[in-house]
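Residue 231 in the working numbering is what sits at position 227 of the sequence shown, and the numbering runs on without skipping anything.
Since the structure comes first, as C-alpha cells, the remarks are kept for the end.
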Amino acid sequence: MHSSPMDSTSHRWPARDRVTDRPRRVRSAEEPARLPARCRMTRARARPREGRLEDRTARSACKGPGCMRIPIVVAAATLLAIAPLPARAASYDCARATTAVERTICASPRLSRLDEELASAFTSMLGVVANPAALRERQREWMRERDACADEHCLERLYVRRVAGLRAGTRPLAESRAAALGLYERRVDGAADPHAATLTIAAGSGDLVHVTGEATWIGDAATGNVNTGTIDGMVRMQGNGARYDLDGCQFAIEFLPDALIVDGDNGACGGMNVSFDGDYERVDP
C-alpha cells in the first residue's frame, strides 16, 4: 500500500481548500492571522475614521426633530443677547437715549405711551394757547422736574398730571374756567400738608378769575414761630393756566381736572418760609 503524505507539524492530513482542492497553507504559531481580503474590507468599513468617533456618537444619541432645533434655539438666544433693544413708542428715538430717565422711559411700555400722549397734547396746546413761548418755557421747567425723578412711579405721576393739564388747556376758555372754579387744599403724599395752604378760584368777568388764598409755615408752634401769607386778586386765564402777579407776589397756576399746581413762588407772598408752591386737590367745588 502507498502511504499518504502527512503534515509533519500536526501529523495529520493537510487540510485542502474545498473550492480549489489544493492543500491549505498552515501558518506557524508566531505568524499573525491573516483574514481574507473580503473580511478585511468589511472590517475596515465598520471601523470609524479617526477623529469622528465623538461626532458619530453625538449624532447617534441625538435623534428626532428636537435634536435639529437645539442649534437654532441657541443661535437665536445668542442673537437676542447681543442685539440692541428695539426702540419703543416714545416721542423720541430710543436708540439715541442718553440719560437714565430717557432709558427708563424707553424700557417701560406704559411710560413710552404716556410720553407719546404728552407730545401729542403739547402740540395741540401750542395751537390754541395765546402765548406759545410761555408754554414752551413751562414745558422746559416740567422736563427739568421730570429728569429729577429717581423711579418709574415718580415719572408716571408727573406724566399723568402733565398730560391731563395739557388736555384740559385745549378746551374752550369758558369751559376751562368753569372747570377751574372751587376750593383747593395743598396735599403731600395724598394727605393735607402740615404747612397748610388753600386757594379759592371764583369766576370773574371775561377770561378773569378771582384768586384768594392763605399759606402757613410752622416752625415751632409752642413758641409762636408761625408765619402766614394771604393773597387776593384777579388774574387772567390762558388755556389751563394763569399767572398771579400782584403786590410783589408771583407764581404760576396750572389747572388740572379736580386739582391744580402752583409753581414758581418767588418768596414774596407772606412771612419767612411761606410758600404757595405745591400740589392742590379740589375739596369743595
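Positions of the beta carbon are idealized from the N, C-alpha and C atoms, including for glycine.
These figures come from a predicted structure and were not determined experimentally.
For residue i, count neighbouring Cβ atoms within 10 angstroms of its own Cβ and tell me buried if that reaches 16, exposed if not.
{"i": "methionine 147", "result": "exposed"}
{"i": "isoleucine 109", "result": "buried"}
{"i": "glutamate 258", "result": "buried"}
{"i": "glycine 131", "result": "exposed"}
Give the secondary structure of residue i by DSSP, where H, G and I count as helix, E and B as strand, and everything else as coil.
{"i": "valine 132", "result": "coil"}
{"i": "cysteine 43", "result": "Note that cysteine 43 has pLDDT 45, beneath the 50 cutoff, so the model's placement of it is unreliable and no number is given."}
{"i": "methionine 276", "result": "coil"}
{"i": "cysteine 153", "result": "coil"}
{"i": "arginine 175", "result": "coil"}
{"i": "alanine 206", "result": "strand"}
{"i": "leucine 264", "result": "strand"}
{"i": "alanine 184", "result": "helix"}
{"i": "alanine 94", "result": "coil"}
{"i": "glycine 282", "result": "strand"}
{"i": "alanine 256", "result": "strand"}
{"i": "alanine 137", "result": "helix"}
{"i": "alanine 200", "result": "coil"}
Just the Cα atoms here: how many angstroms apart are residue i and residue j?
{"i": "tyrosine 163", "j": "glutamate 121", "result": "9 Å"}
{"i": "valine 192", "j": "threonine 102", "result": "32 Å"}
{"i": "valine 213", "j": "aspartate 119", "result": "31 Å"}
{"i": "serine 209", "j": "valine 105", "result": "43 Å"}
{"i": "histidine 195", "j": "aspartate 97", "result": "In the sequence under discussion, the amino acid at residue 195 is alanine, which differs from the histidine named in the question. The alpha-carbon atoms of alanine 195 and aspartate 97 are separated by roughly 38 Å."}
{"i": "methionine 129", "j": "alanine 219", "result": "31 Å"}
{"i": "glycine 243", "j": "alanine 226", "result": "44 Å"}
{"i": "phenylalanine 126", "j": "glutamate 285", "result": "23 Å"}
{"i": "alanine 183", "j": "arginine 140", "result": "24 Å"}
{"i": "alanine 152", "j": "isoleucine 205", "result": "30 Å"}
{"i": "glycine 245", "j": "alanine 134", "result": "11 Å"}
{"i": "aspartate 251", "j": "proline 198", "result": "26 Å"}
{"i": "serine 279", "j": "aspartate 211", "result": "26 Å"}
{"i": "valine 149", "j": "aspartate 281", "result": "Note on residue identity: the sequence assigns glutamate, not valine, to residue 149. Taking the straight line joining both Cα atoms gives about 14 Å."}
{"i": "cysteine 273", "j": "alanine 200", "result": "14 Å"}
{"i": "aspartate 224", "j": "serine 95", "result": "48 Å"}
{"i": "alanine 138", "j": "threonine 202", "result": "25 Å"}
{"i": "glycine 275", "j": "asparagine 229", "result": "11 Å"}
{"i": "alanine 99", "j": "glycine 233", "result": "49 Å"}
{"i": "glycine 268", "j": "glutamine 254", "result": "7 Å"}
{"i": "glutamate 156", "j": "arginine 117", "result": "13 Å"}
{"i": "methionine 221", "j": "glycine 271", "result": "Looking at the sequence itself, residue 221 is tryptophan, so the reference to methionine does not match. Answer to the nearest angstrom: the Cα atoms are 12 Å apart."}
{"i": "aspartate 288", "j": "asparagine 231", "result": "25 Å"}
Are there any heavy atoms of the ligand FAD lying less than 7 Å away from the beta-carbon of residue i, as far as the coordinates show?
{"i": "alanine 152", "result": "Absent from the structure shown: the ligand FAD. Ligands present: none."}
* Could you give the uninterrupted runs of the alpha helix (DSSP H) lying entirely in the segment 100-128, keeping only those of 4 residues or more? -> 104-111
* Taking only runs that begin and end inside the segment 215-245, name each unbroken beta strand (DSSP E) of 3 or more residues, in chain order. => 229-242
* Counting Cβ pairs, one atom from each stretch, are 3 or more of them under 8 Å apart for the segment 223-241 and the segment 154-170? -> no
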